[in-house]
Each structure stands twice: as structure tokens, then as C-alpha cells.
Amino acid sequence: MSHAFYLDVDRCTGCFACAVACMDQNDLEVETESIAWRQVFPITLGEGPDARLRYISLACMHCEDAPCLMACPTGAIARETGTRVVKVRSEFCIGCHSCSIACPFGVPRFGKDGTMQKCDLCSVRLENGLDPACVRVCPTKALRQGDPNDLGLEVGRKAAERFAGP
Amino acid sequence: MIKGKIPGEATGIEVRRSVCTICDPSGICGLDCYVKDGRIIKVEGTLENPNNGGTLCSKGAAQRQWVYHEDRLRTPLKRVGPRGSGEMKPISWTEALDAVAGNLQRLKAESGPESVVFYCGYPKQPRPFLQRLALEFGSPNYCTESSACFTAMAMSWRLDYGQMAGPDIANTKCLLVWSGNPFYASTPNARRLMDARDRGVKFIVIDPRKSPIAGIADLHLRLRPGTDGALALAMANVIISEGLYDRQFVSEWSRGFDGYRALAAEYGLERTEQITGVPAALIREAALLYATSKPAAMMPSSTPVVHHTNGVQNQRAAAALVGLTGNFDIPGGNVPQSFSWLEVSGAGFTTREHEFAMPRAWDDMPPRLGAERFPVWTRMIDQGQAMDLPRQIATGEPYPLRGMVGFGMNHRLWPDSNGLMAAVDKLDFVCVVDLFLTDTAKHADIVLPACSSVERSELRCYPQKYAILTRPVIEPLGEARSDTDIIIGLVQKLGLDDPLLNPAGSGAGGPGRGFLPNGAPDFGEVFDDALDWILQPSDVTITELKKHPAGMPVPKPLPVAFKKYEKKGFPTPSGKMEFASSLLEEQAGCSGFDPLPVYNEPRLSPVSTPDIAGEYPLVLNTGPRLPMFIHSRTFRLPWTRSLRRDAAADLDPATARNLGVAQGDRIEVSTSTGSIQVLANLTELAHPGTVHMFHDYPEADVNSLLQGDYLDPISGFPGYKAALCAVKKVAPAASPTEEVRQ
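Those protein sequences? They're chains S and F, same order as listed. Residue numbering for the first sequence follows our numbering, starting at 1 and increasing by one per position. Residue numbering for the second sequence follows our numbering, starting at 1001 and increasing by one per position.
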């Protein structure tokens, strides 16, 4: 089974709980460096009275055909068998930043030791039947995790309910 | 497994249950602490807790940095430098408690017990205990942070209905959210609100800002700050003149409707559009949607409507729409429920909290803080009004104040916060209890180190008919003690006659049952026995609660009933809902209050003070919530601070353009009282012409810009949500990194 994040954009309120839960789970030192693995972006659409504000929570997408993995010259980035999570092994990372250039989502972060770090989808938690920290903490249940096809079915059902009317 | 922090025997990680009280609304979150070798290595929301259901907010998720922060106080401190300097030296608990008790006894002997003020900020857990201590000591001057939060809202509902009535979100068809941003201020409710929207509940949101709750609204009424009363009366006028009000309820169960109808008729749509800035057609549409959705509920909030100089009357006008439309005490409307414990209603049981906290009657003691200045507050609320503190210290009228004991006291919750501390510095003796040497604590003579919630025991309950008694999940840091243990220790040291908190009655301060590992006397049994006494009217017992560390459903919860007034009447002087308040009518002679929920402009506004607005043309709106901060509490945590590193004011892009201000520029925000420098954050969230600024930044305290007497005369609440200010650019944005993140 493969795992993916899903974000119900209509439910994200930009509360940052996911970002901090990730820091707590992964002991991230954010004091001086902006190395949070999960980011929350407030996005403004339009301007003036018609402007709309949306909030998007983003972390590694664990792409199937992962550009970072392809770009990495040392094989430090690899896909885990089983969970299919894209992981980085810092001991092989040479800090060349190729992954940063390749990643369409701006995910790679570089801490004090200069090696790349990023979300590993809390794969150890997944293996033990626990949701990733960011999913568990989400106050609106906007963030979810699961098999992409199952998540799609869930979203489809909600859309169907909307079509059916109240 | 260790890296993933998976609990179990293999890793030696144990999940222990507690609660988070970093923020302390009426419903706090259940907290799972992952503990290894006596240390918390991760936290999570408790799944079984029906309030937060496994979730947390960004502040609660940062628990570890709060609990283990290097600045945590580990011993009592004694001031050695000037007040406010923060020059302190560590002392023993014996020396500290001797100093506190000795000074309190001295002040009592010299100036009477009423010369000592007892104050409680966050957390709320020790409140009934501190009130009991204050009154047993003989001082009527028990007051809390609720002098600027929540209480004025509850007072307004009580003036109208004799009781507060919360929204029945689960069963409503339309939710009128009257200001506030529950997604940041009440995150445990966030998923319930989203679920309601998904069920097709219509959302009407009244808010100057495009806050996230406004973002999910069917109708968003973006009013000028402070004009809520006019808007509510205009909606009433639409509902009445179109015949959509509940005639039967109004004729049988209300008082003063004719006057109210006449008052509302003054607020026609065009005039109200001019006052509020909300388009006339939108006001009408909202009034019709609220009045024709059956049932409809109104969600009030703790501060935005009452943080105005006409706050109580504005909130009364909004609350009156509930009765007018027949939505009071019906399923899916606003339902009053009996009070349980620590400001939570509807948990399905009653307690003896009031008897516990009020061992003496007010009449037996000298007048409380604010008694003369805020007579309505004094009549309705069993606390002093703390906003009167600087005045009474300065004038000594009606009697001198000389000492203060403050638990979790944060002076930046007062307007003219610097003025308050100048007054506090005149006190003979000040003791502050806190986790940190806060800017307030720096003014104390003795500072006592308090435990965080995970290091102590406490009782909490929830409207989902659920209760929890926590036990410490880790040892206290250093010599820190729980707030209630400190109070019990003081009761015993002072030799107060208290069969519950001083059962031995010796007054020698001797511990009853040995010591905790950090050397503190073990008052666990005294605490549990006191709670059992408080819980006596219910079927909830300490013995049973102890068996359920994550909490448990309340046994045999009181049934939820509707239209209770049909049997018992309303708990108002007239027994009816009061469009015209009998209580305000009685006060009218001396205080000039109108019994009807009249609208008055904010005391400072472009309309009421055009001359001042010439120099200070922008509306100043302080205290709107940011998701990662709660009052002064989480600025020092790297995780939360990293989300918004710099103190910044929110301005809408068009207003900023007119001022020549760009994103990240350093600006000066000034009033006739003072000025602060912050970064400009340009956002469409902001109301045009308004400066929104989160309060409590130590380096840029926006509440210091308000005048100390900028208060609502009925509640004494500060007019934080609408004053006047000017903004000018001081320096361009320093670098892209100085850009405000959120």
C-alpha cells in the first residue's frame, strides 16, 4: 500500500498545529534556521473587498516519480519498500542541493550539518498503525493520510453528498 | 522505534494522560504525554477526550518547550534590585513562605485584610482555591483575568436572560457567529464547526476581519469595529418590521419590547450602512436568514463585542436577537445549562464550587475593587473588577491598597499597562506566582515557582458530559509547586480556620502526609478531599476519577431540558427576558445607564471624536488572536515564535499604500498615550482603515497605547477593539528575512 497526504483546502485554517506537531515529533531545532519540515502558507486571491484568503499546509509529497530522488547524485534519497515513503539518509548526503533544484514543492531543508532533511511521513508511526504527527494533531481534520485511491473515494463521497443536496 | 517515539515495552516509552492549560478557555484539551525515563519526549491530543478528540493547536503541540524551557523558575526568588529590574536571588521555600505570610499578617494588622489584593490570571485551576484564601484572610479583593475577558459577555446575556446560553451547534440550521475567531481561539471546536458547514448549516459571520471563520461564511458582515450594537438593532428592525419575530414568546415572556422596537426603528438600513459600513442589502439578507432558519443559534465570543466602551450594550443588543426570533432554550438554538466547575456549564453535574469559593458573604467585608465605579459588575459578579486597581492604588479611595498576591498575573492585559505597573510599584509588598520570571514578576518582592499542568493534579470537565482528574505525569521541575499546593501551604502558614484546606488546624504550616521528591509538603490528600467536598452534590467522585486517567463519562448526567423558563421563569428580576433591563433601570438614577440596549459610538472614533481622528485617523484594534500565541505565554518558545518571529501590525494593502507603507517596513503606531515600533504586515485580512495588533509583545506592548480609563462603564472592560491611532513609516523593510511570515 502506498501512502499520500491529502489536504482538504476548504478545511485548512492556517492554525500551524501541523507544523509544530512535526517539530515535536522530529525534535526540529528551529531557533535560528527555518528548517520546519511542514510549512503553512496563507495565500490571498484577488484584492480589496473581493479578496479571499486561503491556507495551504505543505510537506513532502512523496512523489512516485520523485524528481529529488532522480537528481540526487549519491543515492542518499531512496524509496522505502513497503510504505513507499521517500526518505533521505543523511550519512550519504553531500549537501549539493540538487534535490532543492529538482523539487517542485520546495521541500528540502538543510540544518546545521548542511545535509538535507525532510518529512518521512512518520513512516515508523505508520508501520505501528499511528497517523503521522501532523495528521493526528489537525484540529479541523483537513490533513489526512492514506492510500491515494482510498482518499480519492472519500473525497468523491463528500462531493456526491454535496450534489445530492441537504 | 525509538526515533519514531513509538510507545511500548521495546522503547520504554509510556503514554501518560494530562491536560494542556497553556491557553485556558472553558474547555481545555486532553494531552497524551510520551514519557521516557521520567521526561516527556513528545505530546499528542488524547483521542478519548471528547473535547479535542486527539487534536491539539500549535501552542499545545509546543508543550515540551513550555514545560522544559531553560527560563523555567526552579526555586523561589527574592528581589534584590529595584522593582522591575529582574534582579533576584534564589531563596528557600521556607524563607519565601515566611516572607509572604509575614508580610500579609503585617499588612492585615496595620491596614486591615482588605489592603491585600489576590489576583489570578492563567491557569484558571487555582481560582476557587485562591478566592477561598482571600475571603478567609478577610479581603474582598479577589479578582481575575476575567476582568478583561469573557465576564462582560456573560453579564450581557444575564442582563437580557438572567443566564448565559451557548449555541447548540449540533442541532442548528444556521449559526450566527458574532465576531471572534474560534479556529484560533477555540481550536477544539474547529472540527465541529467544519462538520456543521458540511452538514449544510448556514454561517453568518459578523467580523471586521476576513478571519478564517469569515472565510467559510455564507454571509460575512464586515462591520467597522465597535458598531455591533447598531448592526444588531438594524437586524432587529428588519425582523420586527417584516413580522418575522416570535410574537408569542415576546408577548408572554419578555419585558420592554415596545421600547426595544422603537429603539430598533431608529436603525434603518441606510443609516446603519453609514454607521457600520455593511451594505444595507447584506444587513437585510443576514437578518432574514437568521430569522427564517428554524432553528438558528448565535455563537458569541469572549471579547470582540465587549472590548468596547459600549461593550455590554452592544452585546446585549446582539443577544436580544435570540429571544426575538424564538431561539432561546430550544434544540438548535441557544440553550442555558447549569453550571458545573471552573466556568464550564452543561457537564451534567453540579458542584459546591460557589460555597467553596465563598466562605464569607460580600456584605461582611469592605467594598470590593471597583464597587463604586462599576456597580453593575459588583452586583452581578463575585469578584472585584481588577481594571480599577491602578486607580485605587493611586488614590487610596475608599481605602488604601498595600499588598498583592498574583498567580499567573500578566500586567499587559490592562490598558495603559505601564501605568498599572507604576501603581503596583507603590505597593508595600508584592508576591507573584508563575512558571517564569515574567515582566510582571520582575516587579515582585517574592516570586514563587509554579508547576505546569503536566506536573500537577487538576479536575476539569466538559459539556460533552465528561470529566477528568489528572495526576502528575512527570516530577515538578526543580522546586516548583502546584498553584493549589502553594495556596494550601499559605492557608496553613497563615493559620486560617479552614476545615478543608487546613484540616489539622494547627496553623503551624506543617505538612500532613510526608513530602514530595522535590521536598515540597505533600498536600495531595488535602487537595483530593477538597475536591470530593466540592463534588458532593454529584455522582462524580475522586475515587472513580482516579481509575480513569484519560477521563470518564459523567455518571448519571443531568438530563438536558428545553424551554425551562416555562416552568421556572427567567432568573431575571421580572422573571422574563428583559429587552429593558430591570437591573440597569435601578442603576439608571446614579449611573445614567439606559435599560434598553442602546448603541453608542466608541468613545474614540472618527465619528465621535473627529478632532482627535484628525491627528490619529486609523482605528486601533488590539488583541485579535494569532494562532501561535496566547496572551504573553508562548513568545519565548522557539517553535511557536518561529512561525511569526517579529512583532507586527496587520494593515490592509490599500490603507498601507495610502500611508506609503510596504510589507515588512518598520512602522510606528502611536496614540495620544504613547507609541511602539513594529513591522507592517500587509494583509487583506485586515479591515480597511484599521490597525490590528496582537497584544502582549514584550518589545511592543500595544495595550500600553490605550488610556487606563478607556473602559466600558457597565462592565469595566477595556475598549481594546476600537480606539484611534496613527501609523507612520520609520524604516524600509530591512531584508527579505525580516518579512513577516503570517
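For each residue, glycine too, the CB sits at the ideal point set by N, CA and C.
For F:Pro1553 and F:Tyr1462, I'd like the C-alpha separation in whole angstroms. Here residue 1553 of chain F refers to the residue found at position 553 when the second sequence is read from its first residue. Here residue 1462 of chain F refers to the residue found at position 462 when the second sequence is read from its first residue. Approximately 9 Å, taken between the alpha carbons.
How far does the beta strand (DSSP E) with F:Glu1044 in it extend, from its first residue to its last? On the second sequence, residue 1044 of chain F is found 44 positions in, with the first residue counted as 1. Taken as a continuous stretch (DSSP letters only), the beta strand (DSSP E) holding F:Glu1044 covers Arg1039 to Gly1045.
Which residue spans inside the region 1371-1431 of chain F form an unbroken alpha helix (DSSP H) run of at least 4? 1375-1380, 1389-1395 and 1417-1424
Same chain, Cβ closer than 6 Å to F:Phe1257, five either side skipped, listed in chain order: Here residue 1257 of chain F is taken as the residue at index 257 of the second sequence, counted from 1. Only Val1250 and Phe1579 meet the Cβ criterion.
Is any beta-carbon of chain S found at less than 8 Å from that of F:Arg1064? Here residue 1064 of chain F refers to the residue found at position 64 of the second sequence. Closer than 8 Å: yes.
Taking 6 Å as the limit between beta carbons, can you name the residues of its chain near F:Thr1737, skipping five residues before and five after? Stepping through the second sequence from its first residue, residue 1737 of chain F is reached at position 737. With a pLDDT of only 47 at F:Thr1737, under the threshold of 50, the placement of this residue in the model should not be trusted; the figure read from the coordinates follows. Counting only Cβ-Cβ distances below 6 Å, and skipping sequence neighbours, we find nothing.
May I ask you to list the residues that DSSP assigns as paired with S:Val20? Locating residue 20 of chain S in the first sequence gives position 20, counting from the first residue. Paired residues: none, contrary to the question.
With 16 other Cβ atoms within 10 Å as the buried cut-off, status of F:Gln1063: Taking the first residue of the second sequence as position 1, residue 1063 of chain F is located at position 63. F:Gln1063 comes out buried.
Between F:Pro1279, F:Tyr1290, F:Gly1268 and F:Gln1274, which lies nearest to F:Asp1246 when the distance is taken from Cα to Cα? In the second sequence, residue 1246 of chain F corresponds to position 246, counting from 1. Selected option, being the one with the closest Cα: F:Tyr1290.
Look up F:Val1019 in the DSSP assignment and say whether it is helix, strand or coil. Translated into positions along the second sequence, residue 1019 of chain F becomes position 19. Note: F:Val1019 maps to strand in three-state DSSP.
Can you tell me whether F:Tyr1068 is buried or exposed, with buried defined as 16 or more other CB within 10 angstroms of its CB? Your numbering for residue 1068 of chain F matches position 68 in the second sequence. Exposed is the call here.
For the alpha helix (DSSP H) containing F:Trp1253, name the first residue and the last one. As a first step, residue 1253 of chain F is located in the second sequence; it is residue number 253 there, counting from the start. It spans Arg1247 to Trp1253 - the alpha helix (DSSP H) in which F:Trp1253 sits, taken as one unbroken run.
Report the option in F:Ala1504, F:Val1430, F:Ile1542 and F:Ile1283 whose CA atom is closest to the CA atom of F:Arg1471. Locating residue 1471 of chain F in the second sequence gives position 471, counting from the first residue. Comparing Cα-Cα distances from F:Arg1471 to each of F:Ala1504, F:Val1430, F:Ile1542 and F:Ile1283, the minimum goes to F:Ile1542.
In DSSP terms, what F:Tyr1267 is bridged to: Mapped onto the second sequence, residue 1267 of chain F falls at position 267. In the DSSP output, where bridge partners are listed per residue, F:Tyr1267 has none listed.
Can you tell me which residues form a DSSP beta bridge with F:Trp1341? The sequence position of residue 1341 of chain F within the second sequence is 341, counting from 1. Looking at the DSSP assignment, F:Trp1341 forms a beta bridge with F:Val1344.
Separation of F:Val1116 from F:Ala1101, as counted between CA atoms: Taking the first residue of the second sequence as 1, we reach residue 1101 of chain F at position 101. Taking the first residue of the second sequence as 1, we reach residue 1116 of chain F at position 116. Straight-line Cα distance between these residues: approximately 12 Å.
Measure the CB-CB distance between F:Asp1701 and F:Leu1679 and report whether it falls below 8 Å. Indexing the second sequence from 1 puts residue 1701 of chain F at position 701. Indexing the second sequence from 1 puts residue 1679 of chain F at position 679. Not closer than 8 Å, so no.
With 16 other CB atoms within 10 Å as the buried threshold, where does F:Val1344 fall? As a position in the second sequence, residue 1344 of chain F is number 344, starting the count at 1. Label assigned to F:Val1344: buried.
Backbone CA spacing between F:His1220 and S:Glu33 [nearest angstrom]: Along the second sequence, one-based indexing puts residue 1220 of chain F at 220. Along the first sequence, one-based indexing puts residue 33 of chain S at 33. Answer to the nearest angstrom: the Cα atoms are 39 Å apart.
Grab the span of the beta strand (DSSP E) containing S:Ala78 for me, first residue to last. Looking up residue 78 of chain S in the first sequence gives position 78. Note, S:Ala78: beta strand (DSSP E), Ile77 to Arg79.
Do the region 1717-1736 of chain F and the region 82-99 of chain S make contact, defined as three or more Cβ pairs closer than 8 Å? no
I want to see whether chain S comes within less than 8 Å of F:Phe1183, judged by CB atoms only; does it? Along the second sequence, read from residue 1 onward, the residue named residue 1183 of chain F stands at position 183. Yes, its Cβ sits closer than 8 Å to a Cβ of chain S.
With burial defined as no fewer than 16 other Cβ atoms inside 10 Å of the residue's Cβ, what is the status of F:Ile1216: buried or exposed? Indexing the second sequence from 1 puts residue 1216 of chain F at position 216. Burial call: buried.
What first and last residue would you give for the alpha helix (DSSP H) that runs through F:Gln1707? Within the second sequence, the letter at position 707 stands for residue 1707 of chain F. Taken as a continuous stretch (DSSP letters only), F:Gln1707 belongs to no alpha helix (DSSP H), as it is neither H nor E.
Where F:Ser1506 sits in the DSSP three-state scheme: Your numbering for residue 1506 of chain F matches position 506 in the second sequence. Note on F:Ser1506: pLDDT 49, under 50, position unreliable in the model; no value is reported.
Where F:Ala1561 meets chain S, residues with beta-carbon distance less than 7 Å: Counting from one through the second sequence, the residue named residue 1561 of chain F turns up at place 561. Simply none; closest approach about 28 Å.
Do F:Leu1584 and F:Ala1467 have their C-beta atoms closer together than 8 Å? The residue you call residue 1584 of chain F lines up with position 584 of the second sequence. The residue you call residue 1467 of chain F lines up with position 467 of the second sequence. Contact: no.
Strictly by DSSP, which residues pair up with F:Ile1013? Translated into positions along the second sequence, residue 1013 of chain F becomes position 13. Answer is F:Gly1008, bridged to F:Ile1013.
For the region 40-51 of chain S, which residues have a CB atom closer than 7 Å to at least one CB atom of chain F, in sequence order? Pro42, Thr44, Glu47, Gly48 and Ala51
Quick check on the DSSP output: what are the complete alpha helix (DSSP H) runs of length 4 or more inside the region 1541-1606 of chain F, in order along the chain? 1542-1546, 1565-1568 and 1582-1591
Note down, in chain order, each residue of its chain lying with its Cβ closer than 7 Å to the Cβ of F:Leu1130, except the 5 sequence neighbours on either side. Translated into the one-based positions of the second sequence, residue 1130 of chain F becomes position 130. Cβ neighbours of F:Leu1130 beyond the five flanking positions: Phe1118, Cys1120, Tyr1142, Phe1407 and Ile1487.
Using a Cβ-Cβ distance under 8 Å, would F:Leu1618 count as near chain S? Start at 1 with the first residue of the second sequence, and residue 1618 of chain F comes out as number 618. Chain S contact via Cβ: absent.
Listed in chain order, which residues of the region 1634-1654 of chain F have Cβ atoms closer than 8 Å to some Cβ of chain S? Pro1638, Trp1639, Thr1640, Ser1642, Leu1643, Pro1653 and Ala1654
Once you ignore the five residues that flank S:Pro42 on each side, which residues in its own chain have a CB closer than 7 Å to its CB? For the purposes of this step, residue 42 of chain S is taken as the residue at position 42 of the first sequence. Hits under 7 Å: Gly14, Leu53 and Tyr55.
Between the region 1181-1190 of chain F and the region 1139-1155 of chain F, do at least 3 Cβ pairs fall closer than 8 Å? no
Could you check the C-alpha separation between F:Ser1506 and F:Leu1496 for me, to the nearest Å? The count along the second sequence starts at 1 and reaches residue 1506 of chain F at position 506. The count along the second sequence starts at 1 and reaches residue 1496 of chain F at position 496. Because F:Ser1506 carries a pLDDT of 49, less than 50, the predicted location of this residue cannot be relied on, and the following value inherits that uncertainty. In a straight line, the C-alpha of F:Ser1506 is about 9 Å away from that of F:Leu1496.
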